[in-house]
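Okay, structure first, notes after.
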Amino acid sequence: MHQPLPIASDAEPPSSAGGVSLRERQARERAFHDRWAAEVDAAELDPIRRAFCPTTPETTFALRALGDLGGRRLLDLGCGSGETTTWFALQGATVDAIDISPGMIEVARTLARRLGVEDRITFHVAPGEALPFADATFDAVFGHDCLHHMDLDRARDEARRVLKPGCRAVFAEPLGHNPLINYFRDISPRTRTPDEVPLRFADFRRLRQGFRSLRHREFQFATLGLFLWFFAVERSDPNRVRYWKKIIVEAERYRPAFLALDWIDRAMLAVVPAAGRLCRMTVIVIER
Ligand SMILES: C[S@@+](CC[C@H](N)C(=O)[O-])C[C@H]1O[C@@H](n2cnc3c(N)ncnc32)[C@H](O)[C@@H]1O
Numbered sequence: 003m004h005q006p007l008p009i010a011s012d013a014e015p016p017s018s019a020g021g022v023s024l025r026e027r028q029a030r031e032r033a034f035h036d037r038w039a040a041e042v043d044a045a046e047l048d049p050i051r052r053a054f055c056p057t058t059p060e061t062t063f064a065l066r067a068l069g070d071l072g073g074r075r076l077l078d079l080g081c082g083s084g085e086t087t088t089w090f091a092l093q094g095a096t097v098d099a100i101d102i103s104p105g106m107i108e109v110a111r112t113l114a115r116r117l118g119v120e121d122r123i124t125f126h127v128a129p130g131e132a133l134p135f136a137d138a139t140f141d142a143v144f145g146h147d148c149l150h151h152m153d154l155d156r157a158r159d160e161a162r163r164v165l166k167p168g169c170r171a172v173f174a175e176p177l178g179h180n181p182l183i184n185y186f187r188d189i190s191p192r193t194r195t196p197d198e199v200p201l202r203f204a205d206f207r208r209l210r211q212g213f214r215s216l217r218h219r220e221f222q223f224a225t226l227g228l229f230l231w232f233f234a235v236e237r238s239d240p241n242r243v244r245y246w247k248k249i250i251v252e253a254e255r256y257r258p259a260f261l262a263l264d265w266i267d268r269a270m271l272a273v274v275p276a277a278g279r280l281c282r283m284t285v286i287v288i289e290r
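Each residue of the sequence shown is one higher than the one before, counting from 3 in my numbering.
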């Protein structure tokens, strides 16, 4: 059974995305991800492979930034199909996973059951902007590719509220500075929700509000050469094929090229950290 979904009231002011109300934004996110969830087969998901996927170093870095998970209580925000949720439970954490999409929650639950960790996880259909938890509940908060779908300020405030003092939140999120990436976003509206807003460096200041510290590290600039390859050589339609998903599913095939390009990224970012703006992904670690 799905839990009732607490959503914003009509009196809510517009969410930060393009003047739509938060209620409308949440409804659109829910409908989009429910449709997507109907296409996902939980039997094909592999949380361990996903955690160490060679073509998504940002994911591995974000998971490692949480430290040892054994015996800790963790919130997986916008858990989607639940690969990270199940990974956390496999590491010995007690997990609460929330998502606005009942369809995604069902996929995540099926995956957790298949891997025998359902008893370590509580699933909630709930918005990141109004979390159904008491203050200072969690030892860690994690979000992968989800904050940019939410009202950033409200989600930040809620993450801080439910986090215990001295504990950390880790988010892996897309960045919105690179014109080439934005071009691909523009020509692939079917693979994106109308309200998602990739982060900009200015958002780091917003995210830090109310926290003790914020660190961030960027990933994936030269590696985007593979996306150009998909487009120009393989003639993959970006409006049908999610490139960021293709690179995970076909990780073994693209691994050698990716690792060479990733080496260039690491060297470039070590010398010119400001070039991080051009990257596709950032990992943000904030301490309460
Ligand atoms: C791109 S998916 C990422 C899912 C998962 N974390 C992953 O990395 O595979 C974004 C997820 O955020 C959820 N979402 C969008 N808006 C939300 C909101 N306001 N509150 C909670 N979840 C939301 C969507 O339903 C979707 O499952």
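Glycine included, each C-beta is placed from N, C-alpha and C at the ideal position.
> Can we count E352 as close to ligand 1, meaning its CB is less than 7 Å from some heavy atom?
Replying inline: Because the chain in this structure spans residues 3 to 290, residue 352 falls outside the shown range and cannot be described.
>> Please state the DSSP three-state secondary structure of I189.
In response: As a working mapping, residue 189 is identified with position 187 in the sequence shown. It is coil, neither helix nor strand.
>> Assuming A99 and I123 are in contact, meaning their beta carbons sit under 8 Å apart, how far apart are those beta carbons, in whole angstroms?
In response: The residue given as residue 99 occupies position 97 in the sequence shown. The residue given as residue 123 occupies position 121 in the sequence shown. Between I123 and A99 the Cβ distance is about 6 Å, and since that is below 8 Å, they are a contact.
>> Between the alpha carbons of L177 and A110, how many angstroms are there, rounded?
In response: For this step, residue 177 is matched to residue 175 along the sequence shown. For this step, residue 110 is matched to residue 108 along the sequence shown. So the alpha carbons of these two residues sit roughly 26 Å apart.
>> Nearer than 7 Å: is that true of the beta carbon of T124 relative to any heavy atom of ligand 1?
In response: Residue mapping note: residue 124 aligns to position 122 of the sequence shown, counting from 1. T124 Cβ: outside cutoff for every heavy atom of ligand 1.
> Any chance the CB of Q222 is under 7 Å from a heavy atom of ligand 1?
Replying inline: The sequence position of residue 222 within the sequence shown is 220, counting from 1. Q222: no, Cβ never under 7 Å from ligand 1.
> Would T57 pass as a contact of A224 if the rule is Cβ separation under 8 Å?
Replying inline: For the purposes of this step, residue 57 is identified with residue 55 of the sequence shown, where counting begins at 1. For the purposes of this step, residue 224 is identified with residue 222 of the sequence shown, where counting begins at 1. No. Outside cutoff.
>> To the nearest angstrom, how far is the alpha carbon of D36 from that of E26?
In response: What you label residue 36 is simply residue 34 of the sequence shown in a count that begins at 1. What you label residue 26 is simply residue 24 of the sequence shown in a count that begins at 1. Rounded to whole angstroms, D36 to E26 spans 15 Å at the Cα level.
> Any heavy atom of ligand 1 closer than 7 Å to the CB of P129?
Replying inline: Against the sequence shown, residue 129 aligns to sequence position 127. Yes, the beta carbon of P129 sits closer than 7 Å to at least one heavy atom of ligand 1.
>> Between the alpha carbons of F229 and Q222, how many angstroms are there, rounded?
In response: By 1-based counting over the sequence shown, the position of residue 229 is 227. By 1-based counting over the sequence shown, the position of residue 222 is 220. Each residue's Cα considered, the two are about 11 Å apart.
>> Please state the DSSP three-state secondary structure of P57.
In response: The residue you call residue 57 lines up with position 55 of the sequence shown. Residue 57 is actually Thr in this sequence, not Pro. DSSP places T57 in coil when its eight states are reduced to three.
> From T96 to R237, what distance separates their C-alpha atoms?
Replying inline: Residue numbering aside, residue 96 sits at position 94 when the sequence shown is read from its first letter. Residue numbering aside, residue 237 sits at position 235 when the sequence shown is read from its first letter. So the two alpha carbons sit approximately 44 Å from each other.
>> Is the separation between the beta-carbon of R208 and that of D155 shorter than 8 Å?
In response: The residue given as residue 208 occupies position 206 in the sequence shown. The residue given as residue 155 occupies position 153 in the sequence shown. Result yes, Cβ atoms of R208 and D155 sit closer than 8 Å.
> By the 10 Å Cβ neighbour count, where 16 or more other Cβ atoms means buried, how is G82 classified, buried or exposed?
Replying inline: Here residue 82 corresponds to residue number 80 of the sequence shown, with the count starting at 1. It is buried - the Cβ of G82 has at least 16 other Cβ atoms within 10 Å.
> Is it buried or exposed for E46, if we count other Cβ within 10 angstroms and need 16 for buried?
Replying inline: Taking the first residue of the sequence shown as 1, we reach residue 46 at position 44. Burial call: exposed.
> Any idea what DSSP makes of T225, helix, strand or coil?
Replying inline: In the sequence shown, residue 225 corresponds to position 223, counting from 1. Correct three-state label for T225: helix.
>> Quick check: what's the CA-CA separation for V199 versus I189?
In response: Translated into the one-based positions of the sequence shown, residue 199 becomes position 197. Translated into the one-based positions of the sequence shown, residue 189 becomes position 187. Those two C-alpha atoms are separated by around 15 Å.
> With 16 other CB atoms within 10 Å as the buried threshold, where does Q211 fall?
Replying inline: The residue labelled residue 211 in the question sits at position 209 within the sequence shown. Q211 comes out exposed.
> Among R187, G105, V127 and I288, which has the Cα closest to the Cα of F213?
Replying inline: As a first step, residue 213 must be located in the sequence shown, where it is residue number 211. Nearest C-alpha to F213: I288.
> When DSSP labels each residue in this structure, what does E131 get in the three-state scheme?
Replying inline: Walking along the sequence shown from the start, residue 131 turns up at place 129. E131 falls in the coil class under three-state DSSP.
> Since M283 sits in a beta bridge, which residues does DSSP pair it with?
Replying inline: The sequence position of residue 283 within the sequence shown is 281, counting from 1. Its beta-bridge partners are P176 and F221.
>> For P6 and V274, what's the separation of their Cα atoms in angstroms?
In response: Reading the sequence shown from its first residue, position 4 is the one you call residue 6. Reading the sequence shown from its first residue, position 272 is the one you call residue 274. Unreliable positioning characterises P6 in this predicted model, as indicated by a pLDDT of 41, which lies under 50. The coordinate reading is nonetheless provided below. Using only the alpha carbons, I get a separation of about 48 Å.
> Helix or strand or just coil, what does DSSP make of F72?
Replying inline: Taking the sequence shown and counting its residues from 1, one reaches residue 72 at position 70. According to the sequence provided, residue 72 is Gly. The question's Phe does not apply to it. Of the three classes helix, strand and coil, the one that applies to G72 here is coil, per DSSP.
> Taking 7 Å as the line, does the beta carbon of S238 fall inside it for any heavy atom of ligand 1?
Replying inline: Mapped onto the sequence shown, residue 238 falls at position 236. Every heavy atom of ligand 1 is 7 Å or more from the Cβ of S238, so no.
> Which same chain residues, not among the five before or five after H151, have their C-beta less than 6 Å away from its C-beta?
Replying inline: Position 149 of the sequence shown, counting from 1, holds the residue named residue 151. E31 and E198, listed in sequence order.
>> Spatial neighbours of L263 within its chain, please: C-beta separation below 6 Å, excluding the five flanking residues on both sides.
In response: Numbered from 1 along the sequence shown, position 261 holds the residue referred to as residue 263. So the list reads A224, T225 and G227, once near-sequence residues are dropped.
> Can you give the Cα-Cα distance for M106 and V143, rounded to whole angstroms?
Replying inline: In the sequence shown, the residue the question calls residue 106 occupies position 104. In the sequence shown, the residue the question calls residue 143 occupies position 141. Each residue's alpha carbon lies about 19 Å from the other.
>> Taking the beta carbon of V235 as the centre, do at least 16 other beta carbons fall within 10 Å, making it buried, or is it exposed?
In response: Counting from one through the sequence shown, the residue named residue 235 turns up at place 233. By the 10 Å Cβ count, V235 comes out exposed.
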